[in-house]
Each structure stands twice: as C-alpha cells, then as structure tokens.
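Input: a single structure, listed below in structure tokens.
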Amino acid sequence: MMRRLVLAVLLGLVAARSDAGELYYSTPGDPNSRNIYAVNENGGTPRVVLYGSEYPSGSIAGMTRFNHAGSNGQALVQAKPYSAPAADIQLVYRASNGQVITRPVTDLEGEGLNPYGDPELAQDDSFFSFRARDGAGRSTIWRLNVTVDQALAPDYVPPASFDDPRLHLVVDDPTNGAENHGHTWSPEGTRLAYLDTWMDAGGVGRISIRIKIMAAGSTDPLSHPRILDTLRETSIWAASLHWSPVSDQILNFSRDANGRNCGIWVCYADSPGVMTWVAKPITTKSKTQTVTEELRLPLWRPDGQRIACAYTKYTTNKLGTTTRSSSRR
C-alpha cells in the first residue's frame, strides 16, 4: 500500500506524520546536508531515512512528500531553491539496495520559468503542481501528471510517466503586486485552494483564500474564484494551506510580519467567511520571565481527525534575553 506523507518547513525543521504512526523530520543546519529522520509518534530512537549529503544541489526545504512502497524505498518530489542556477524539479528516492537515485522530472529554464516555493502533490498521487514566475513576472501554477508504480523495476528505477508541463493557472497580475503564496488540492483533485496577496486601491496589503473549481485537464487561466476570506496582510500573514483528506476543512497557520504570534486555524471550502481557531499563541508572565508558546505548520493525519504541527516556546528573562526551543507535536 502506498503511504503518503506531507512535509512542511519551519526554520530548518521538516515534519510530517505517516499513516504508519511515524513522525518524519529534519534537523537545523546546512540546508544541503540535513538528514531526514523517522521516529515513532509515541517516542523511541530516531532512524535516518535519507542523508542530506546524498542529495544533489538543492534544499531539503523543497521536499513536499514521501511515497513509500513497503520497506523497499522512499520517493519524494524535490524542487531546487529559488536561488539555484538550474530551476528544475526532480524525483528523488532510495531504492531497496540503498542507492539514492535522482530522476529529472522537467527542466523549466527553457520555458522561461522560475519555480519557487514547494511543489504540491495531489492527495491521490496522480499529479503534482508547482508555482513559477514567467518572464512577465506573473505568478503562475503549473501541473504535471505523474504515475509511479509501487514495484521497483530491476534497475531500481520505478516505472513512471511524466507529461510535458502545461500551464494550468495564471494566478495574478504583477501590476498590483499580486502573488500566489501557496496552494492545496481537494481530495478528489477537482478544486484548488490558494493564498493570494495584493495591494488594494488604498495601498493596504490584503490576503485572501480562494477556491477554484477545475475541469479535468483544464489549462484555462484562473478567473472568478470563490473567496473564502480576506484579511489585512499588515496584521496577519497566512503562510500555507492543507486540505483535509476527508472533508472540506482547510488548515492554515498565521503569523505577524516578524514571524511571531503564530496560530492555527481552519476555514471551510463550503462556508465563505467562516474561520475557526484551532490554537492561538499563549503568553504567560511571572516575576522572572515571560513565556510564549506557539503552534505552526499544521498537517492533517490521514484520517482527518488529528493534526501534527511544530511547537515553539520563547522564554524571555528579566534582562530581556530570549531563548527559543522547538519540538514536534
């Protein structure tokens, strides 16, 4: 059975939960040499899944999902960071013989595109999509169909077919500073939720969460999407979206302009304007210190009943010195 894992990034921390009850994460450090570890969600000794030094140039922060085929290997979609000279997307996996193999999926430089952010894999693993800026500076979303069989071929290369990349969505017009900051697909793959930022007529930064119903194989530019909610970007910044695998709930986390005051909330694809907080930042003060606890980067469990997230605690003493500690929840 193919198990799907979603990875998210927090200051060098990559975390995910699998339906096998394991937590996957990476440690802070050089983004080109971080290892990926797995540990039982109830505790235990971590094991190395993939070594960061085995990857080609590119950050572990570019990985979005593992595909497990039993115990024989792991595969993931990896995008090189925005600053990399070769802006392409690759499939990286460890074969049953222990060899780490990288297969180019598509080279986008010839298309005049510059990918940015993390690729997004469909919940049924049938395709993935990625954001890219075109020559005019427009924020676009491209979609690539992928078929990867469970069984590994004799040469340890999984049978796969990749369609040519097709422009799926033109998200924004750069004339008003608009840009896409993340997207997620519904479980059936026919609806797309995405974050959109722009400057309004008064020069105020805005951010909205929008839903677009996509026809199968559609390459039409995005138009007239359904707006779930609109917020002032100056006071709150929504960073990522994750659609529930079993419902119309969409997880997000927000933070201020300084990356603090993080909280987790849920909006609903079928209920525009309705937003429910899951966890807000908590601050407690004593005579000796101030402690702020924050949760961010939520991820759905496969059953859609629980979430995994990153936990950060900031402790400030009487002298104004702040220490920070992080863990996975």
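Reading the sequence shown from the start, the letters are residues -20 to -1, 1 to 309 in mature numbering (1 follows the signal peptide of the UniProt record, and there is no 0).
A virtual CB, placed ideally from N, CA and C, is assigned to each residue, including glycine.
Every value quoted in this text rests on a predicted model; they were computed, and no experiment measured them.
Residues near residue i in its chain [Cβ-Cβ closer than 7 angstroms; skip 5 each side]
i      : result
V254   : C247, Y248
T270   : T263, T296
P65    : Bear in mind that the predicted position of P65 carries a pLDDT of just 44, short of 50, making it unreliable; the figure below should be weighed with that in mind. So the list is empty, once near-sequence residues are dropped.
M(-20) : Residue placement at M(-20) is poorly supported in this model, since its pLDDT is 23, which falls under 50; the coordinates are not used for a value here.
D104   : G169
D200   : The predicted position of D200 is uncertain, since its pLDDT is 48 and thus under 50; no value can be drawn from it.
K265   : none
P134   : With a pLDDT of 43 at P134, under the threshold of 50, the modelled position of that residue is not reliable, and the figure given next carries that caveat. If we look at P134 and ignore the five residues flanking it on each side, it has no Cβ neighbours.
Reference residue i, options the options, closest by Cα
i    : options                : result
M179 : I187, S305, I230       : I187
Q285 : L175, S234, Q229, N241 : Q229
T177 : S119, A259, I287, D283 : S119
K267 : T25, N160, L299        : L299
R171 : R190, P252, L277, K265 : R190
A288 : A259, R304, K265       : A259
R235 : W257, R276, G115, W223 : R276
L175 : G182, I121, S227       : I121
A290 : R113, C242, K265       : C242
T227 : R113, G169, T25, S106  : Residue 227 is actually Ser in this sequence, not Thr. For the residues R113, G169, T25, S106, the minimum Cα distance to S227 belongs to G169.
W257 : S106, T272, F233, G183 : F233
Contact under 8 angstroms by Cβ, residue i with residue j
i    : j    : result
P261 : P167 : no
L221 : H163 : yes
L231 : W165 : no
P278 : I244 : yes
R111 : N160 : yes
Contacts around residue i, its chain only, beta-carbon distance under 6 angstroms, and the 5 residues preceding and following it disregarded
i    : result
T292 : E274, S306
T302 : Y294, T296
R304 : Y294
Residue i: first and last residue of the uninterrupted beta strand (DSSP E) it sits in
i    : result
L279 : 269 to 280
P252 : 251 to 259
K293 : 287 to 297
G243 : 243 to 248
T25  : T25 -> no beta strand (DSSP E), and no H or E assigned at all.
A112 : 107 to 113
T301 : It is not in any beta strand (DSSP E) - T301 carries neither H nor E in the DSSP assignment.
T177 : 171 to 179
R235 : 229 to 235
Whole-number beta carbon distance between residue j and residue i, since they are thought to touch under 8 angstroms
i    : j    : result
A173 : W223 : 6 angstroms
Neighbourhood of residue i by C-beta, 8 angstroms cutoff - its chain only, sequence neighbours within 5 removed
i    : result
D250 : D228
G183 : none
heavy atom of the ligand GDP below 7 angstroms from residue i C-beta
i    : result
V226 : Looking at this structure, you won't find the ligand GDP or any other ligand, since it has none at all.
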